[in-house]
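Residue numbers (full-length UniProt numbering): 1 to 69.
Below is one structure, written out as structure tokens; the observations come after it.
Printed below as a string of structure tokens:
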């Protein structure tokens, strides 16, 4: 299960990977169940992870600054 894949929530890079995954799944409706689109899925997951870690780091820094004041 992925996070919400709405375009406004992600970077252009991740949106492109999401689009490629959707296209792969549409082009290969049966073989997607046997790993045909795994490469696209892994790339998208890694991109979403990078976004999440970046957000967490930004929030953590913000909270740290607030605690210092």
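Glycine included, every Cβ here is placed at the ideal spot set by N, Cα and C.
Query, Result
"Inter-residue spacing [alpha-carbon to alpha-carbon] between residue 53 and residue 22", "24 Å"
"Backbone CA spacing between residue 8 and residue 51 [nearest angstrom]", "13 Å"
"Complete runs of the alpha helix (DSSP H) confined to the segment 16-68 [at least 4 residues]", "38-68"
"Within 8 Å, strictly: CB atoms of residue 47 and residue 17", "yes"
"Pairwise C-alpha distance: residue 58 and residue 28", "38 Å"
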